[in-house]
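Residue numbers (the numbering used here): 824 to 1458.
Every residue, glycine too, gets a C-beta built ideally from N, C-alpha and C.
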Amino acid sequence: MALAKLVGTGRRRSFDGVPRQTLTVAAAIFAVGVVYANIFALPDALLIGILFVCGIYALLFLTVGPTSTSTDRIGIADWVLSGASVACGIYFFTIRADLANHITLLRPLPGDQLFFGTLLLALTIEAARRTTGIGLTIVLLIFLAYNLWGHLIPPPLGHGFIDFGSFVDVLMYTTDGVFGVPIQVAASYVFLFVMFGSVLSHAGGAEFMFQLAAALTGRSPGGPAKIAVISSGMYGMISGSPTSDVATTGSITIPIMKRLGYSPRFAGAVEVAASTGGAAMPPVMGSAAFILAEYTGIDYRNVVLAALIPAILYYIGVYLQVHFRAVRQGLQGVKDVDPVQETLKTGWVFVIPLVVITVALLMGYTPTYVAVYGTVALVVASLLTKRTRMTPRKMLEGLGEATIRMLPVAGACAAAGLIIGGLTMTGLALKTSSLVLMLSGSGPFVVLLLAAGIAILLGLGMPTPSAYILAAVLVGPAFTVVGLPLLASNMFLLYFALLSALTPPIAVAAYTASAIADEDPMKIAVTSVKLAAIGFILPFFFVWNEALLAQGSALEIGVAALGGIVATTLLALALEVELKPIVRVVILAAAAAALSPYLFLSIPVTVLAIALGIWRRTRKLATDPAHQERTISQR
């Protein structure tokens, strides 16, 4: 558990009574301010980023303790840091006219600007440490040190001298540093969708998702594990965080699986694998997807459409592996679950906002308005039944919880902005891409392998949004040189940044599951990697075959989707069913062929695999005595 402490974050304080009510009201007011700024006000990007960061920090230092063992009592240092955040916000707001006319590096910063810029820089480092742990903080400090003292390093990694004033000017007074793309996205799209998810949860949406998953799959073999797969996928697409998804749905599903005889290792691994894919599941996805859209300039609607097939295939893969293992090990289902009709009778109102979000996306509305429309539709729909009705108190708590949920996201995005600003300032990004190209010999496949390794390594010490954007900045130019498509290559990085949450040796999602399952986190991580195997394979194939990202003709996309289902099924068979080695090899080769962009290869293999599957199923039913008895009784 020493490794868990290494990447641990500050403890989130728990308040009661008046302090809790005060914090909830303050957080809700902040949420309303963010909504107003995004919908009605049109300040410049730098100013809205500054006010968002300073407001978040003021709440963060009061809500998150400095260590994992902090008490609920707010210390003097926390009050000082919170007050300093407010002071920075007030100062930057008073000089907003100067900020609007500021020309970077034209003249040295005045003393007051240098002081408050340095203060906000220090607050950002501490906020990152408290919310994301020591991993990202160490990476951040290394890059900041490189900016200031990299001129002492000989070529080719060294750079020209950067004085401290210029360093602060670029990182704190432009949109190239802490207030860059990550924090701009966090202050708009991400916050609004987190607000939607928080309000949905307070209306009972998370409970409905679990009950629906139980009604659909609970009675079948491996029912509890299948419930975890479906409910975690549904909840994950609105939470966008593997660790919070594990903590929320895993606290229900993991104990149920253990109680019915599932090993703690398998129970935890199922939840981790299922929760990790949620941030790649449309229509909401996670914060990294919004950053991808903003960074690449690709319309978010196109990102969502491109993510649909791979996300479905990911969950089909996890589901089938759970099913085949359950059949092989005789794992039972849950007997006492409500039927689907009964579940929908009380929870059908939650389908309305999801439909509104999907329709708004397809109609071309920006993510900002999509999130607002979805939240409004949710509140209105909740009024249709007494059980789901949003009272003023629930609404207040939902808005406040949205702000609190944004604390770690904002800390990670602000830190990522600092690192990206430093990379741009020093030119290290281009040097890294050149190094990747040199090591790969400019071969696309080797570039992808190196990029996957970089994304996973970055993700071992930081959240998915930070890992993705840093990988994109470091490796993106190499992708361009070797001619890889912009959307496919960035989706590739997104997937591997996401999968780092379950990849050893850190696997932050596995540590969360280990506390619930009471099992070694490394054992959970290793098993979850196997269950999520399709996630590690798919990115290479959708770069090779863009039809998997809904790019191309209707025929190509249809064949790719059907071939993907066949390939995913074959991979699950190869991993979970006892087979001879030669048969396993043939099945894996057939799976690769089904995912091929060459129709003359993928179509015959897909058709043959489907025909064999139907034949095998028909033959099994024909020899099943129970099936024969049911057929006779029906006649």
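Residues that DSSP places opposite residue i in a beta bridge
i: ARG1088; result: DSSP output for ARG1088 lists no bridge partner at all.
i: VAL887; result: ARG835
Supposed contact pair residue j and residue i - C-beta distance, whole angstroms, cut 8 Å
i: LEU959; j: LEU1230; result: With 8 Å as the limit, LEU959 and LEU1230 do not qualify as a contact, their Cβ atoms being about 14 Å apart.
i: ALA950; j: GLY1223; result: Not a contact, Cβ separation roughly 19 Å.
i: ALA1048; j: ALA1149; result: 7 Å
i: ARG836; j: GLY888; result: 6 Å
i: VAL1269; j: ALA1301; result: Actually they do not touch by this definition, with Cβ atoms about 10 Å apart.
i: GLY1156; j: ILE1339; result: Not really, about 21 Å apart at Cβ, beyond 8 Å.
i: ALA1097; j: GLY1056; result: 6 Å
i: PHE1002; j: LEU869; result: 6 Å
i: ALA1235; j: THR886; result: With a Cβ gap of about 16 Å, ALA1235 and THR886 do not count as contacting.
i: SER1021; j: ARG1228; result: 6 Å
i: LEU1354; j: VAL1163; result: Not quite, the Cβ-Cβ distance comes to about 26 Å (not below 8 Å), so this is no contact.
i: VAL1406; j: ILE1433; result: The pair is not a contact, with the Cβ atoms about 18 Å apart (cut-off 8 Å).
i: LEU1325; j: ALA1348; result: 6 Å
i: PRO1286; j: PRO1005; result: With 8 Å as the limit, PRO1286 and PRO1005 do not qualify as a contact, their Cβ atoms being about 10 Å apart.
i: ILE871; j: ALA860; result: 6 Å
i: SER1425; j: ALA1412; result: Incorrect: roughly 13 Å between the Cβ atoms, too far for contact.
i: PHE987; j: ILE1242; result: 18 Å between Cβ atoms; not a contact.
i: THR1391; j: LEU994; result: Not quite, the Cβ-Cβ distance comes to about 44 Å (not below 8 Å), so this is no contact.
Option nearest residue i by Cα separation, candidates the options
i: PRO978; options: LEU1206, ARG1082, GLY1250, PRO1087; result: GLY1250
i: ALA1009; options: ALA1130, VAL841, ALA1301, THR1191; result: THR1191
i: TRP1171; options: GLY1046, LEU1206, ILE1292; result: LEU1206
i: LEU1115; options: VAL1013, ILE976, THR832, ILE1277; result: VAL1013
i: SER1257; options: THR1303, PRO1286, ALA1238, ILE1243; result: THR1303
i: ARG843; options: VAL1428, ALA1413, ILE897, HIS1146; result: ILE897
i: LEU932; options: ALA1415, THR845, THR997, LEU1253; result: THR997
i: ALA1129; options: GLN1374, VAL1174, ILE957; result: GLN1374
i: ARG953; options: HIS925, SER893, ASN924, ILE1006; result: SER893
i: VAL1400; options: GLN1144, VAL1174, SER1337; result: GLN1144
i: ILE1132; options: LEU1321, ILE1357, PHE966, ILE1279; result: ILE1357
i: LEU1262; options: VAL1349, MET995, LEU1293, VAL1298; result: VAL1298
i: LEU1185; options: SER1024, ARG1124, THR941; result: ARG1124
i: ILE1139; options: PHE884, ILE873, LEU1393; result: LEU1393
i: ALA1500; options: ILE1360, ILE1053, LEU1402; result: The chain is shown only over 824 to 1458; residue 1500 falls outside these bounds and no answer can be derived.
i: PRO1328; options: LEU1309, LEU1321, LEU1283; result: LEU1283
i: LEU928; options: MET1248, LEU1293, THR1429, LEU1321; result: MET1248
i: VAL876; options: LYS1081, VAL841, TYR1196, GLY940; result: GLY940
i: LEU1322; options: GLY1276, ASP1343, PHE853, PRO1404; result: GLY1276
i: GLY1000; options: ILE961, ILE1292, MET1080; result: ILE1292
i: ILE873; options: SER1011, GLY1245, ARG1210, SER1054; result: SER1011
i: ASP1159; options: ILE899, PHE838, ALA1038; result: ALA1038
i: PHE1319; options: GLU1342, PRO1215, ARG1210, ALA1294; result: ALA1294
i: LEU1372; options: VAL1126, LEU944, LEU946, PRO1087; result: VAL1126
i: LEU1023; options: LEU994, SER1110, PHE1173, GLN1152; result: PHE1173
i: ASP895; options: LEU937, PHE884, ALA864; result: PHE884
C-beta neighbour in chain C for residue i, strict 9 Å
i: GLY1120; result: Of the protein chains in the structure, only one exists, and it is not chain C.
**Q.** Complete runs of the alpha helix (DSSP H) confined to the stretch 1177 to 1211 [at least 4 residues]
**A.** The stretch 1177 to 1211 contains these whole alpha helix (DSSP H) runs: 1190 to 1205.
(Q) With a threshold of 8 Å, are at least 3 pairs of Cβ atoms found where one atom belongs to the stretch 1363 to 1371 and the other to the stretch 1300 to 1318? (A) yes
Q.
Quick check for students: name the residue ranges of the alpha helix (DSSP H) that lie wholly in the stretch 970 to 1038, counting only runs of 4 or more.
A. 987 to 995, 1004 to 1008, 1014 to 1025
Q. Any contact of the stretch 1370 to 1390 with the stretch 1323 to 1333, i.e. 3+ C-beta pairs under 8 Å?
A. no
Q.
With three or more C-beta pairs closer than 8 Å as the rule, is the stretch 1115 to 1126 touching the stretch 1148 to 1167?
A. Segment contact: the stretch 1148 to 1167 against the stretch 1115 to 1126, fewer than three CB-CB distances shorter than 8 Å; contact not assigned.
Q) Would you say the stretch 1417 to 1428 touches the stretch 1436 to 1443, given that touching needs at least three Cβ pairs under 8 Å? A) no
Q) What residue ranges within the stretch 1269 to 1312 form continuous alpha helix (DSSP H) runs of no fewer than 4 residues, ordered along the chain? A) 1287 to 1304
Q. Using 8 Å as the Cβ pair cut-off and three pairs as the minimum, do the stretch 1175 to 1188 and the stretch 1092 to 1111 touch?
A. yes
(Q) Taking 8 Å as the cut-off, does the stretch 1037 to 1046 touch the stretch 1016 to 1026 (at least 3 CB pairs, one atom from each stretch)? (A) No contact exists between the stretch 1016 to 1026 and the stretch 1037 to 1046.
(Q) Ignoring anything shorter than 4 residues, give me the alpha helix (DSSP H) runs that lie fully in the stretch 1036 to 1110, in order along the chain. (A) 1046 to 1062, 1065 to 1082, 1087 to 1099
Q. Mind pulling the alpha helix (DSSP H) runs of 4 or more residues that sit fully within the stretch 887 to 949?
A. 899 to 917, 919 to 923
Q) Are three or more beta carbon pairs between the stretch 1201 to 1217 and the stretch 908 to 924 nearer than 8 Å? A) No: the two stretches stay apart, fewer than three of their Cβ pairs being nearer than 8 Å.
Q.
So, does the stretch 1271 to 1290 touch the stretch 1214 to 1228, judging by three or more C-beta pairs under 8 Å?
A. no
Q. Between the stretch 1031 to 1038 and the stretch 968 to 978, are three or more C-beta pairs nearer than 8 Å?
A. Taking 8 Å as the limit for Cβ pairs, the verdict is that the stretch 968 to 978 does not touch the stretch 1031 to 1038.
**Q.** Whole runs of the alpha helix (DSSP H) within the stretch 1378 to 1445, excluding any shorter than 4 residues
**A.** Secondary structure in the stretch 1378 to 1445: the alpha helix (DSSP H) runs of 4 residues or longer, each lying completely within the stretch, are 1404 to 1417, 1422 to 1445 in chain order.
Q) Whole alpha helix (DSSP H) runs in the stretch 1117 to 1176 with 4 or more residues, listed along the chain? A) 1123 to 1152, 1163 to 1170
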